[in-house]
Structures are given as structure tokens and as C-alpha cells.
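Numbering (the working numbering), first residue to last: 371 to 874. Even for Gly, the Cβ is constructed at its ideal location relative to N, Cα and C.
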């Protein structure tokens, strides 16, 4: 094998930087040779023809992002290998661009373990025999969908490309009648699609999209696929993402498909998960039964494309009603002034509309006392608060009714407090400015109240409590001068009082 090096030489009267380009407007043949291209860009024009064969090797070492541009014919056969080895052999991003798809026989992407190969060619790129992913993420232009995809021809195999750090962020197509695993993902997470062998030679293309199908347009049909458009037994669709599914040619009738899913623990149980397909109008069940291996990240979920049905997207569904949020906490605490403060925290809100705060005096019959607007959509924790200023003597029960945009609802757990605010039945602290100590006057049934002192940083301070019954003396003379908070709480009634005291 002889080695051919593309170079650019000129004689100049002064030293300047030369950014060279190899421009092919004719015929280049690599019949068993080793070609090393160190040019800024290798450009195959509309009239250019490249033929690679006989175990030839073409090293692409261009330092420009536009490493390889093909607008003509690029035809590699019989064990020819194209190697993208990084700018001048170092790690760095490289590009496969142009307007006409190149046909690689063996393709090696080895420009750095964390570096991108960007396929910007509007006609994509084809691989005929093997592809080796030794780079980081490989991208295609998503708006070009299957036209700009990385295509694997019949019998083509690949190594690598099967992890969060190494996959195709964009469209991958498979041509032929063999089974295949599409190494697609988001650029940070891999979400493979595996298909069985089609009944006839076919071309199928797919890509993973993160986010709610109701709000993200599918590039191949230019439409969104609402998650509330479902056909029984499907009741809900995951808002975390979907796969575009394009039958370019051939037939996908009765084709078995398996996907790798995100974490669905907050969406549905393993038994209720279903692979679903968009039929142009609604999401339909493709699984037919429980086929999920789990509901954690990278579990698998399987289904079958029905004969005679045009499926244009795949997603994750459930046959059970899915809670539109997770309740993290809910508390009810009596505050000074004999009011009840209600605090609740949610996470992973989806399609939520509002919260209705409800109160009861018997724990059975609840009435609405106020309404709080919900976040709607949130992947993070959200804090909410409401105050009941019209409490009833005795025990008051509270719960939160969550209502989503479809008027479906769920309830929090019930919390209760005991109200006794008549006459002197409240906590009193005096004086609030002192050089020695303060008196804490307690209501009835406060014999076991917890009294503590904290500074403005929330640090617990040493302040001895003397006395029994309803009157306690809190010794604060040994504390440094400053502002302190006296906290009085009764675990039996969930009451808590706070008082600011200044020590001089």
C-alpha cells in the first residue's frame, strides 16, 4: 500500500498563514492506497467523483469543522475505510457536510472520546459494512429528519455508540430486512429502539425527542401529538419524550419494536406501562399486555406495529390514571393570632390547574375555603401556602384537593390541629426587651410544651427554663446582646408560636 498525502504548496515573499482546500472537480480513485488529507477542507464538487476500493484507507485529518464536504459522488466499496481522526490527528470536532450523501464502506469515527462528529450533509450519509464509534456524540440535523440521517445499509454492523456519552443525537435509518438497534438519544441520554427483522426489505428512520409530545413538533410531519388524545385501554402518555418513527419505504406491518425508557417511576408502575404509537389521530396501545422489564431508567418496553396502521411516532403510555404530581409534604400549624398556616410541597407537576384548600370539623364533611393556582408543569419541587383565618373551636381537619386541566383530581393526606383561642388561651411572652429573662405564659393543656431559644442564624442557644404549670421563666441573661427567637410548640395540637426578644 502506498501513501498519498494531499498538500498545498506555494512560494511567497513573506510568511503568512495558508488555509488550503483540496477541491475535486474530476475523478479521484483510491484503489488500495493510504490517503492522508491534512487540508483545511476536502471538497468534492458537484462534478467530482471519488471511488474507494480494494482495502484502501482515507484518513480525514482536516483542522476545519467543515472537514469533509461532498456535493458529488462519493462511492466507497470492497473494504475501503474512511477514518475521521481529528484535526491534524488531535482531538477535536469534525464535520461531514455537503448536499449529496457519501457512501462509506467502513467508517471509523476516532476524533476523541468526548468529541462530536457533526453530520450536516443535507442528504445524510450511508454506511455499507461497518461503523466504529470511538468518538463522543454524533449529530445529524434534526430538521432534515430521515433525509439527513446516518443510514446503515443491509447487513451493516456497528461497535460503540451504545452509551449516554456515545450515541447519535439525531436521526438514524436502517435499510434492508435485518434486525437492528438504533443507537439514538438526546446528546446526554441514550434511548435505543430495537426492531425485529422486517418481512420485506425496508427503510425505517427514528430519533428520540425529549419533552412533552403535546408541545414539541414532530419534524417529519410538522405536527404535535397531544398526550390527552388516547384510545382505550391507554389512559395517559408520558410527557418525558417520544421517538419519531418514519417508514421511508417497505413495510413495518407486525414489526416487533423494543425501546429503552427514561425513569418512569413517577409516571406508572411496571405492570401498567405500555408502548404506544401515534396513528395520526390518537395514541394507541402497541404492547397488548405488560411487556416492560421495569419502570426505572434503561428498562425496556416492547410492542408490535399493527398491520395496516400508519404509525408515525412511538411513546410511553399507561393503562392506569397517572397522578399529575407527587406530594412531598403537607403541614398544618397554628400561628399567632389563632390562624392556621397550611404549607405543602409538590414535585413533577404535569398539567396541574389549581389547588383547593378544604376544611372540616368532623374529618368527613369538607368545605372549600380558598383556591391556589398551580404551576402547571414543573420538574422541580414547588412550595405552596395558604392561611385559614376563620378557624373553628376544637379540632380542625384540612386536606388539599389538586385539580388538573382536565378536571381530574387527587387529594393530599388529611392534617388536623386543635384550636383553643378563647379568653387567655394563647401563649404570651413578656417583656420582649430584657437584660435578664422573660416570662412565658402558657394556655391550658400546654404542660409538656417545648420551649427553646435560637439566634438569627437558627442556632439553638442555652437558656434554662424554670417553673412548672402555665408560667415559665426563661433565663437569658447569660446570652450575648442581640436578637433572639423564642419558639413554643405543643406536639399534641401541632401548635407553634414564635416571639422575637431583644437581649440588651
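Starting from residue i, follow its DSSP beta bridges and name the residues at the other end.
{"i": "residue 753", "result": "715"}
{"i": "residue 550", "result": "565"}
{"i": "residue 743", "result": "724"}
{"i": "residue 598", "result": "DSSP lists no partner for residue 598."}
{"i": "residue 413", "result": "393, 439"}
{"i": "residue 709", "result": "705"}
{"i": "residue 535", "result": "Per DSSP, none; premise fails for residue 535."}
{"i": "residue 738", "result": "728"}
Is residue j closer than 8 Å to residue i when the C-beta atoms are compared?
{"i": "residue 715", "j": "residue 766", "result": "no"}
{"i": "residue 632", "j": "residue 647", "result": "no"}
{"i": "residue 803", "j": "residue 856", "result": "no"}
{"i": "residue 429", "j": "residue 407", "result": "yes"}
{"i": "residue 452", "j": "residue 477", "result": "yes"}
{"i": "residue 486", "j": "residue 509", "result": "yes"}
{"i": "residue 758", "j": "residue 739", "result": "yes"}
{"i": "residue 403", "j": "residue 426", "result": "yes"}
{"i": "residue 312", "j": "residue 772", "result": "A query on residue 312 cannot be resolved here, the shown segment of the chain reaching from 371 to 874 and no further."}
{"i": "residue 562", "j": "residue 571", "result": "no"}
{"i": "residue 644", "j": "residue 663", "result": "no"}
{"i": "residue 475", "j": "residue 446", "result": "yes"}
{"i": "residue 653", "j": "residue 600", "result": "yes"}
{"i": "residue 665", "j": "residue 635", "result": "yes"}
{"i": "residue 567", "j": "residue 547", "result": "yes"}
{"i": "residue 731", "j": "residue 707", "result": "no"}
{"i": "residue 424", "j": "residue 448", "result": "yes"}
{"i": "residue 821", "j": "residue 840", "result": "no"}
{"i": "residue 851", "j": "residue 871", "result": "no"}
{"i": "residue 503", "j": "residue 525", "result": "no"}
{"i": "residue 587", "j": "residue 616", "result": "no"}
{"i": "residue 737", "j": "residue 750", "result": "no"}
{"i": "residue 690", "j": "residue 642", "result": "yes"}
{"i": "residue 787", "j": "residue 864", "result": "yes"}
{"i": "residue 858", "j": "residue 867", "result": "yes"}
Can you tell me whether residue i is buried or exposed, with buried defined as 16 or more other CB within 10 angstroms of its CB?
{"i": "residue 630", "result": "buried"}
{"i": "residue 555", "result": "buried"}
{"i": "residue 582", "result": "buried"}
{"i": "residue 542", "result": "buried"}
{"i": "residue 735", "result": "exposed"}
{"i": "residue 794", "result": "Per-residue confidence for residue 794 stands at a pLDDT of 44, beneath the threshold of 50, marking its modelled position as unreliable; no derived number is given."}
{"i": "residue 575", "result": "buried"}
{"i": "residue 673", "result": "buried"}
{"i": "residue 836", "result": "exposed"}
{"i": "residue 444", "result": "buried"}
{"i": "residue 769", "result": "buried"}
{"i": "residue 923", "result": "Nothing in the structure corresponds to residue 923, since the chain is present only between 371 and 874."}
Using three-state DSSP, classify residue i as helix, strand or coil.
{"i": "residue 512", "result": "helix"}
{"i": "residue 687", "result": "strand"}
{"i": "residue 363", "result": "Given a span of 371 to 874 for the chain in the structure shown, any question on residue 363 remains unanswerable."}
{"i": "residue 517", "result": "helix"}
{"i": "residue 764", "result": "strand"}
{"i": "residue 874", "result": "coil"}
{"i": "residue 855", "result": "strand"}
{"i": "residue 671", "result": "strand"}
{"i": "residue 396", "result": "coil"}
{"i": "residue 617", "result": "strand"}
{"i": "residue 459", "result": "helix"}
{"i": "residue 758", "result": "strand"}
{"i": "residue 442", "result": "coil"}
{"i": "residue 794", "result": "Caution applies to residue 794, whose pLDDT of 44 falls short of 50 and renders its modelled position unreliable; the model cannot decide the point."}
{"i": "residue 866", "result": "strand"}
{"i": "residue 488", "result": "strand"}
{"i": "residue 665", "result": "coil"}
Please list the terminal residues of the continuous beta strand (DSSP E) segment that includes residue i.
{"i": "residue 650", "result": "Premise fails: residue 650 is in no beta strand (DSSP E) and is neither H nor E."}
{"i": "residue 733", "result": "Counting along the chain, residue 733 falls outside any beta strand (DSSP E), and DSSP gives it neither H nor E."}
{"i": "residue 788", "result": "785–789"}
{"i": "residue 494", "result": "Segment: none, residue 494 is in no beta strand (DSSP E) and carries neither H nor E."}
{"i": "residue 704", "result": "696–705"}
{"i": "residue 842", "result": "841–845"}
{"i": "residue 828", "result": "Here residue 828 belongs to no beta strand (DSSP E), and DSSP marks it neither H nor E."}
{"i": "residue 525", "result": "Where residue 525 is concerned, there is no enclosing beta strand (DSSP E), given that its DSSP letter is neither H nor E."}
{"i": "residue 478", "result": "473–479"}
{"i": "residue 809", "result": "807–811"}
{"i": "residue 630", "result": "626–630"}
{"i": "residue 577", "result": "572–580"}
{"i": "residue 781", "result": "779–781"}
{"i": "residue 466", "result": "464–468"}
{"i": "residue 452", "result": "451–454"}
With a threshold of 7 Å, establish whether the CB of residue i neighbours any heavy atom of the ligand NAP.
{"i": "residue 634", "result": "Questions concerning the ligand NAP fall outside what the structure shown contains, since it holds no ligand whatsoever."}
Kindly say whether residue i, judged by its beta-carbon, lies nearer than 8 Å to any beta-carbon of chain D.
{"i": "residue 697", "result": "Looking at the structure shown, chain D is missing, and only one protein chain is on hand."}
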